[in-house]
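Colleague:
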Amino acid sequence: MKILIVEDEPRMRELLRRGLTEEGHVVDLAGTAEQARQSASHIDYDVVVLDWGLPDTDGLTLLRNWRSEGLITPILMLTARGSSGEKVLGLRTGADDFLAKPFAFEELLARLEALHRRASALGTATTQLGDVSFERNKRELRCGGRSATLTAREFQLLSALAEQPGELRTRSELLSQVWGPHFDGDPNVVDVYVGYLRAKLETVGARRASISTVRGSGYRLDVRAGESA
Ligand code: CA
């Protein structure tokens, strides 16, 4: 795994670096939120270990910014206290897992491996939607030789719709799943992004996958079987 460790305490950072490197992982270190932002903007990490308390911006704010920018990398947060309030807040903000200090290195390792397994199971899957291949690892739609790359947000929205093809997903469900339960912006953002997805389906020339509007309620991904050859 390619791992980014965001931790300001040099001893803890070194401990993690040594342990994870010995396990065969490639490790980058960041001591501040700013360094972490720069690293994550250049390199596609498999997992990120993010300390809550950082000297410049706290880890929770960094996490929130990353998620709002559409970063989907699994993130395990470290906290000095094991308070369940912090844990809930962290998970709601988009952390995938949580570990309170002090912890056993073996537990951290096992949790990182589990996060990575989960993400790769999702990430390598290609989902067939009618005549369109939805390639999750590349965030791409393909149909008859044409392809279109999705932005992180479009990817999340299509993933949400593709969970239950043919079923109504309400706007509030989609809003909560894709933009987070505490999103307080304009709910019309769902409609805007459905528009973007429709344009991409059109770009690849999809004929048997489309997003239908269910008036007053939400949206439905419709996929249709083709004629057998
Ligand atoms: Ca710290």
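Remember, this note's numbering sits 157 above the position in the sequence shown when you count from 1. Note that CB positions come from ideal geometry on N, CA and C, so glycine has one too. In this text the structure is predicted, and so the values were computed from the model without any measurement.
A187 to A257, Cα distance in whole Å?
Modeller: Approximately 19 angstroms, taken between the alpha carbons.
Colleague: Given a threshold of 16 other Cβ atoms within 10 Å of its Cβ, counted over all protein chains shown, does I160 qualify as buried or as exposed?
Modeller: Per the 10 Å Cβ criterion, buried.
Colleague: Using a Cβ-Cβ cut-off of 6 angstroms (strictly less than) and excluding sequence neighbours within five positions of V335, which residues of its own chain qualify?
Modeller: Closer than 6 angstroms at Cβ, skipping near neighbours: Q313, L314, A317.
Colleague: For G383 and G352, what's the separation of their Cα atoms in angstroms?
Modeller: If I take the Cα positions, the gap works out to 25 angstroms.
Colleague: Nearest CA to the CA of Y202: which residue from E324, L228, L217?
Modeller: Nearest C-alpha to Y202: L228.
Colleague: Less than 6 angstroms separating the Cβ of D213 from some heavy atom of ligand 1?
Modeller: No, since every heavy atom of ligand 1 falls outside the 6 angstroms radius drawn around the Cβ of D213.
Colleague: Compute the distance between the beta-carbons of G287 and R365, then report whether it is under 7 angstroms.
Modeller: Cβ atoms of G287 and R365: closer than 7 angstroms.
Colleague: In the region 257-301, which residue ranges form an unbroken alpha helix (DSSP H) of at least 4 residues, counting only runs that do not cross its ends?
Modeller: Listed in chain order, they are 262-280.
Colleague: Is it the case that the Cβ atoms of V184 and R174 are separated by a distance below 7 angstroms?
Modeller: Contact: yes.
Colleague: Go ahead and label S385 buried or exposed: buried means 16 or more other beta carbons lie within 10 angstroms of its beta carbon, across all protein chains shown.
Modeller: For S385, the predicted model reports a pLDDT of 49, less than 50, meaning its position is unreliable and no value from the coordinates is stated.
Colleague: Just verifying my parser: in three-state terms, what is the DSSP assignment at F340?
Modeller: DSSP places F340 in coil when its eight states are reduced to three.
Colleague: With a threshold of 6 angstroms on Cβ separation, who are the neighbours of A261 within its own chain once the five nearest residues in sequence on each side are excluded?
Modeller: For A261, where only same-chain residues beyond five positions count, there are no Cβ hits under 6 angstroms.
Colleague: By a C-beta neighbour count over all protein chains shown, 10 Å radius and 16 as the cutoff for buried, is E311 buried or exposed?
Modeller: Buried, since its Cβ has 16 or more Cβ neighbours within 10 Å.
Colleague: Use the C-beta contact count for L325: other C-beta atoms within 10 angstroms, 16 or more gives buried, fewer gives exposed.
Modeller: The residue in question, L325, is exposed, as its Cβ has fewer than 16 Cβ neighbours within 10 Å.
Colleague: When DSSP labels each residue in this structure, what does M169 get in the three-state scheme?
Modeller: DSSP places M169 in helix when its eight states are reduced to three.
Colleague: Ignore the nearest five residues each way along the sequence and tell me which others in E297's own chain have a CB closer than 6 angstroms to its CB.
Modeller: Contacts found: S304, T306.
Colleague: What are the start and end residues of the beta strand (DSSP E) that includes G375?
Modeller: From DSSP, the beta strand (DSSP E) with G375 extends over 375-380.
Colleague: Rounded to whole angstroms, what's the CA-CA distance from T360 to S290? Just pull it up for me.
Modeller: Cα-Cα distance, rounded: 13 angstroms.
Colleague: Name, in chain order, the residues that DSSP records as bridge partners for T327.
Modeller: DSSP, once it has assigned bridges, lists G375 as partnering T327.
Colleague: Please classify A309 as buried or exposed, where buried requires at least 16 neighbouring CB atoms within 10 angstroms.
Modeller: It counts as exposed.
Colleague: Taking the C-alpha atoms as reference points, what is the distance between D254 and L233?
Modeller: In a straight line, the C-alpha of D254 is about 5 angstroms away from that of L233.
Colleague: Between the Cα of R167 and those of A363, P212, F340, spot the shortest distance and give me the residue it belongs to.
Modeller: In the sequence as presented, Arg is not what sits at residue 167; that position holds Pro. Of A363, P212, F340, the residue nearest in Cα terms is P212.
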